[in-house]
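Worksheet for the structure shown next.
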Amino acid sequence: ISAFVSLTLTPMLNAYLMKSGEQKKSKFYNFTEPYFEKMNTSYAHSLTKFMKRKWLSFPIIIGCIGLIVLFFSILKKETAPYDDRSFLSLNVSAPEGASFDYMDRVMTELTTLINDSVPEKKVSLIITSPGWGASSVNSGRARIRIVDPSEREKSQQEIAQDLTKWTKQYSEAKVSVSETPTIAVNRRGGLPIQYIIQAQNFEKLREKIPLFMEEASNDPTFAVTDVNLKFNKPEIYVSIDREKAQNLGISVMDVAQTLQLSLSGQRFGYFMMNGKQYQVIGQFDKKDRDTPMDLTSIFVKNKEGKLIQLDNVVTIEEQSSPPQLYHNNRYMSATVSASLAPGKSMSDGIEAMERIKEKVLDDTFTTDLGGESRDFAESNSNTAFAFGLALLLIFLILAAQFESFIDPFIIILTVPMAIAGALFSLWLFGQTWNIFSQIGTIMLIGLVTKNGILIVEFANQLREQGKSKYDAIIEASESRLRPILMTSLAIALGALPIALSLGAASTSRIGMGVVIVGGTLFSLVLTLFVIPAIYLMWSRERKHHPEFDNIKKYDCRNYCNWSIFCFFCACYR
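Residue numbers in the sequence shown follow the numbering used here, run continuously in steps of one, and reach 576 at the last position.
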């Protein structure tokens, strides 16, 4: 749309609004023009000196590539920074088998902690045993709405870190504090790190998961760790001595039915009293089924009608097993969840999990990512593809317009300088490599290549007028200095409010603004010297072919433009 407006509406308004005849120069023009003339002269003088050592452009480009590798390796990486949305979530899980009364007492203590320790609290919702999803009696939820950022001194992240530190002191239950992610692609809430361990059978998981969790709990990268496959559900295994039971006239069915009727709370029927219907439920009194040894005191009737105590025919054994079994890609699986310690990023957490995997698991195990971790990995792979596709499309379009493969390649060399400046700016201002900074980096490809286009296109026009390659590139660089400065500064100043985090919930977008401002300004300085030097060394002399003089110059370009237009339409469909 902007291209259409600049080619149609802008010329019309210029012809309509501009006065004909010689225009009188304003006082502002007379005041500023000497400074611009001096700037042009200084730039031309500096460029002439640089051209004498034009080989320096290669170390500069190689240095920019080295900076890209360096800063990309040291930058913290995550899906997206957390916006301060004034909302926190707490998930509470007690030991398996905990009663509702036990859980209610834990949640009451947690409510007291929140009320006493979080003065920024606006309202809270505390739920014991919510009953939805995978929740059970031994789980609880807490939702805290805090006051707006302008009304408090601490950030949402600092409050979450304080809550994590305080709730770690609770031995009755495990509490995990989480913030609402800025971007969640079809994922449920939870801790940011979701590392899925897959095995061919349950026994291998039972052997390795405790070792894995021990290493993860001791790793300083994580603040809180948890696993969904827990071996904490108490069970009693009843083994029947079949030979002895047969001698006493007791069958296995007799034992099973006796235990079922005594402990299961089975409904036998209904009875009516005072016009109301009541259920008839058979079950021992609670005091008679409190301990595992109470099972052995139950009597079972044999075939002769005699009562035989169960401890004569059975032995009991206490064991633990998981409340639920999980599968991923048809394999038995366990998902290790973790929250990150202060100063740690998503990439640090995933790398720590990979280190623990190499230390604890063998080759029979496979791993996968879930939740926000999976979003992070997918966004990185998709960004690499989008970045490469953007470079390819720009190169093809420029090759069609310039009717050359050398000139587009010279222009594309502005991209490494811009990316080096972008990554350096992220590191300098303490930002992370996230989806917003990735979008800003892709935008940079189109924004910074226009500087090279302005110089190379005008230099080609001057060469067609008969000027030498050296004189053409010097004059083109000097005459295009003002347009390059105007467009680059306009882009940088336009993105400055994003970099300054102006506006509601704008923290996550700071990276995009920093990338655009830093990359544009960094590449601006280098482009004005490197691109002319590369052009002087690589650009080829254009040969004149009289046999093609009768062919319209724009025919080939129009054909290429229509081909590119059809390609975009096919991609869109």
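C-beta atoms are modelled at their ideal positions from N, C-alpha and C, and glycine is treated no differently.
Compute the Euclidean distance between the alpha carbons of residue i and residue j, then round it to the nearest angstrom.
| i | j | result |
| --- | --- | --- |
| Ser45 | Leu396 | 36 Å |
| Leu116 | Thr170 | 9 Å |
| Ser220 | Ile130 | 27 Å |
| Met106 | Ser142 | 7 Å |
| Gln404 | Ala425 | 28 Å |
| Gly516 | Ala421 | 14 Å |
| Pro62 | Phe412 | 17 Å |
| Leu264 | Gln286 | 6 Å |
| Ser23 | Asn43 | 28 Å |
| Arg358 | Trp58 | 44 Å |
| Glu112 | Ser384 | 45 Å |
| Leu73 | Ala423 | 9 Å |
| Ala393 | Ile442 | 12 Å |
| Val227 | Pro184 | 17 Å |
| Met489 | Val459 | 18 Å |
| Lys555 | Ala479 | Here Lys555 scores only 48 on pLDDT, less than 50, and its place in the model should not be relied on; the value that follows carries that caveat. Computed Cα separation, rounded: 26 Å. |
| Phe432 | Leu78 | 11 Å |
| Lys290 | Gly268 | 15 Å |
| Asn463 | Phe408 | 14 Å |
| Leu10 | Tyr32 | 27 Å |
| Glu210 | Asn235 | 14 Å |
| Gly181 | Leu91 | Position check: residue 181 holds Ser in this sequence, whereas Gly was assumed. Distance between the alpha carbons of Ser181 and Leu91: 6 Å. |
| Trp436 | Ser428 | 11 Å |
Within 10 angstroms of its Cβ, does residue i collect 16 or more other Cβ (buried), or is it exposed?
| i | result |
| --- | --- |
| Tyr85 | buried |
| Asp410 | buried |
| Thr444 | buried |
| Lys30 | exposed |
| Thr577 | Any answer about residue 577 is impossible in this case: the structure gives the chain only from 4 up to 576. |
| Tyr473 | exposed |
| Asn277 | exposed |
| Pro122 | exposed |
| Ile477 | buried |
| Met356 | buried |
| Asn94 | buried |
| Asn454 | buried |
| Glu406 | exposed |
| Trp541 | exposed |
| Thr318 | exposed |
| Ala137 | Note that Ala137 scores 49 on pLDDT, short of 50, meaning its location in the model is unreliable; the coordinates nonetheless yield the value given after this. Ala137 comes out exposed. |
| Met335 | buried |
| Lys52 | exposed |
If I measure Cβ to Cβ from residue i and keep anything under 6 Å in the same chain, skipping five residues before and after, which residues do I get?
| i | result |
| --- | --- |
| Ala495 | Val520, Thr523, Leu524 |
| Asp617 | Lying outside 4 to 576, the shown extent of the chain, residue 617 is not represented and no answer is given. |
| Tyr240 | Glu320, Gln322 |
| Asp314 | Thr299 |
| Arg155 | Glu123 |
| Leu529 | Met420 |
With a CB to CB cut of under 7 Å and the five nearest residues on each side skipped, what residues in its chain are close to residue i?
| i | result |
| --- | --- |
| Asn331 | Ile199, Gln201, Asp371 |
| Leu232 | Leu208, Ile212, Pro325, Tyr329, Ala337 |
| Lys306 | Gly252 |
| Leu457 | Arg483, Pro486, Ile487 |
| Ile311 | Leu251, Ile253, Phe302, Val303, Asn305 |
| Gln164 | Pro345 |
| Ser60 | Val533, Ala536, Ile537 |
| Ala498 | Gly516, Ile519, Val520 |
So what does residue i bridge to, in DSSP terms?
| i | result |
| --- | --- |
| Ser179 | Asn94 |
| Ile400 | DSSP output for Ile400 lists no bridge partner at all. |
| Leu310 | Lys304 |
| Trp436 | Lys80 |
Can you list, in chain order, the residues of its chain whose CB lies under 8 Å from that of residue i, leaving out five sequence neighbours each side?
| i | result |
| --- | --- |
| Ser376 | Pro195, Ile196, Gln197, Tyr198, Met349, Gly352, Ile353 |
| Leu416 | Ile64, Gly455, Val533, Ile534, Ile537 |
| Glu218 | Ile359, Lys362, Val363 |
| Asp438 | For the sequence presented, residue 438 should be read as Ile rather than Asp. These residues qualify, in order along the chain: Thr82, Ala83, Ile186, Ser382, Thr386. |
Please state the DSSP three-state secondary structure of residue i.
| i | result |
| --- | --- |
| Lys236 | strand |
| Val317 | strand |
| Met275 | strand |
| Val140 | coil |
| Ser336 | strand |
| Asp288 | coil |
| Asp229 | strand |
| Thr131 | strand |
| Thr167 | helix |
| Asn463 | helix |
| Val150 | coil |
| Gln201 | strand |
| Leu503 | coil |
| Leu251 | coil |
| Ser376 | helix |
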